[in-house]
Amino acid sequence: MDTWIWIVIVIFALLAGVALGFFIARRYMMKYLQDNPPINEEMLRIMMMQMGQKPSQKKINQMMAQMNKASTKPGKPAKK
Numbered sequence: 039m040d041t042w043i044w045i046v047i048v049i050f051a052l053l054a055g056v057a058l059g060f061f062i063a064r065r066y067m068m069k070y071l072q073d074n075p076p077i078n079e080e081m082l083r084i085m086m087m088q089m090g091q092k093p094s095q096k097k098i099n100q101m102m103a104q105m106n107k108a109s110t111k112p113g114k115p116a117k118k
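Straight run, no breaks: the sequence shown in our numbering ends on number 118.
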């Protein structure tokens with residue numbers, strides 16, 4: 039076979055692998071988020087009640103804001 043045919047086959051296999059990997063990773067993440075949903079206000083309220091605290095809406099809003107801030111903040115390098 040000619041060299042250009044091998045190059046086309048390799049490029050096609052690479053593109054097919056990337057596309058297949060993307061869809062497999064997407065399906066895995068969708069299933070993971072369905073099985074383990076992120077924490078919402080109702081879950082936070084239940085956790086606080088299990089710990090013996092009476093959650094007010096203000097306290098729940100503060101904790102949700104702290105969790106959102108912590109999850110969106112980029113990681114700082116550790117100080118030595």
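Each residue gets a CB set at the ideal place from its N, CA and C atoms; glycine is no exception.
Here the structure is a predicted model, which is why all the values come from computation and not from measurement.
Sequence-distant residues of its chain with Cβ nearer than 7 angstroms to residue i (five each side left out)
i   : result
R83 : P93, I98
M85 : none
Expected contact under 8 angstroms - CB spacing of residue i and residue j to nearest Å
i    : j   : result
M105 : I77 : 7 angstroms
Contact check, residue i vs residue j, beta carbons under 9 angstroms
i   : j    : result
E79 : M102 : yes
Near the ligand MG: residue i beta-carbon under 8 angstroms from a heavy atom
i   : result
R64 : For the ligand MG, the structure offers nothing, since it holds no ligand at all.
Close Cβ partners of residue i (< 8 angstroms) along its chain, the five nearest in sequence each way excluded
i    : result
S109 : none
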